[in-house]
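Residue numbers (full-length UniProt numbering), protein chains in the order written: chain A, 1 to 160; chain G, 1 to 160.
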């Protein structure tokens, strides 16, 4: 692998740390207070298991991405990194999809199930949740790029 | 790659066809009629976008898994298959997670959001949805195994 390509991969992994940290922080700080018929009500990510999973998955993703940055170039652990990248990509994909399904429900509701949209009541919570999802999606795309690049590099020996 | 290993991978891909087809079919046939205060109500997978996505993703996964079975061993397209496996794994992971988040909501509800559980009203719909999710998870695990095996094989030249 050439020097430019190594820098490119390093920058991608650095970006992965940034977006997964931001995704988790934006979701954590999204809580909003409101009132319904004079009764104070609150929206918090902790109230929805899918959002908790989103925060935990992005936290794990950011710690992993951070640790890989410090792996020495000649380490035997690099063999493990591609396999761990697969696991982290699946973890992030899973958490973003679960959170997106619930966020969509919060926005649109599902009248047939009797589930009303809540974003009218909690616009800040919903906007910030959407921002967190977009950041999370960024993390997934970075890991997808890293995986496809690793496969491309390993399978085509001319690039090694 | 030795003969036994080739057969093992072929069987895994055959299993992937079976479980993705079954996951889609079980979800499609899960509809249930009930009545609420004398008014007929129905639960169908089409009423929930996450379940529609689940059916579409598993249908795509089964067609892809089926086509790969007929790829000649010396085809140049095998280079593409590992990359496509990544994409299909992510697609299946995403669809199962989104459907699971909604299924969990259907089972437990989310009182703070005012979303009541619906599984008491539609037990057959919920049980069959759960069966579809377990089959879908089987598909994800098979693709995860195929990916990790491919990475292991390519990275460790002794196994090639």
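All C-beta atoms in this analysis are idealised placements derived from N, C-alpha and C, irrespective of residue type, glycine included.
All values derive from a computational prediction rather than experimental measurement.
- In this structure residue 26 of chain A is buried. Its beta-carbon is surrounded by 16 or more other beta-carbon atoms within 10 angstroms.
- A distance below 7 Å between beta-carbons, with the five flanking residues on each side excluded, links residue 86 of chain G to the following residues of its chain, in chain order: 147.
- By the Cβ-count criterion, residue 78 of chain G is exposed, with fewer than 16 other Cβ atoms from all chains shown falling within 10 Å of its own Cβ.
- Taking the beta carbon of residue 49 of chain A as reference, the chain G residues within 7 Å of it are 104, listed in sequence order.
- Against chain G, a Cβ distance below 8 Å from residue 118 of chain A picks out 113 and 114.
- Put simply, the stretch 114 to 130 of chain A touches the stretch 105 to 120 of chain G. At least three CB pairs are less than 8 Å apart.
- At the C-beta level, residue 136 of chain A and residue 96 of chain A come within 9 Å of one another.
- Within the DSSP secondary-structure output, residue 42 of chain G pairs in a beta bridge with G/33.
- Not one beta carbon of chain G lies nearer than 9 Å to the beta carbon of residue 130 of chain A.
- Residue contact check for residue 110 of chain A against chain G: a CB pair falls below 9 Å.
- Counting along the chain, the unbroken alpha helix (DSSP H) around residue 5 of chain A starts and ends at 3 to 28.
- A check of alpha carbon separations from residue 32 of chain A across A/142, A/129 and A/138 identifies A/129 as the nearest.
- Residue pairing by DSSP places residue 115 of chain A opposite A/110 in a beta bridge.
- Here the C-alpha atom of residue 24 of chain G lies approximately 25 Å from the C-alpha atom of residue 80 of chain G.
- Residues 82 of the same chain have their beta carbon placed closer than 6 Å to that of residue 150 of chain G, with the five preceding and five following residues left out of the count.
- In the DSSP assignment, residue 120 of chain G falls outside any alpha helix (DSSP H), carrying neither H nor E.
- Excluding its 5 nearest sequence neighbours in each direction, residue 60 of chain G has C-beta neighbours in its own chain below 7 Å: 91, listed in chain order.
- Cβ neighbours of residue 124 of chain A within its own chain (closer than 6 Å, five residues either side excluded): 32.
- The alpha carbon of residue 127 of chain A has as its nearest neighbour, out of A/141, A/145, A/104 and A/138, the alpha carbon of A/104.
- For the stretch 20 to 42 of chain G, no residue has a beta-carbon sitting nearer than 7 Å to a beta-carbon of chain A.
- At a cut-off of 9 Å, the C-beta of residue 133 of chain G has no neighbouring C-beta in chain A.
- C-alpha of residue 101 of chain A to C-alpha of residue 98 of chain G: approximately 5 Å in a straight line.
- Close to chain G, meaning a Cβ-Cβ distance shorter than 7 Å, are the following residues of the stretch 61 to 87 of chain A: 79, 82, 83 and 86.
- Look at residue 72 of chain G here: in three-state DSSP terms it is coil, with no helix or strand label.
- Taking residue 68 of chain G as reference, the option from G/13, G/133, G/53 and G/144 with the minimal CA-CA separation is G/13.
- Around the beta carbon of residue 20 of chain A, a 10 Å sphere encloses 16 or more other beta carbons of the protein chains shown; the residue is thus reported as buried.
- Proximity of chain A to residue 146 of chain G at the Cβ level (cut-off 9 Å) is not reached, the minimal Cβ distance being about 10 Å.
- For a Cβ distance threshold of 7 Å, residue set 97, 98, 100 and 101 of chain A lies close to residue 98 of chain G, ordered along the chain.
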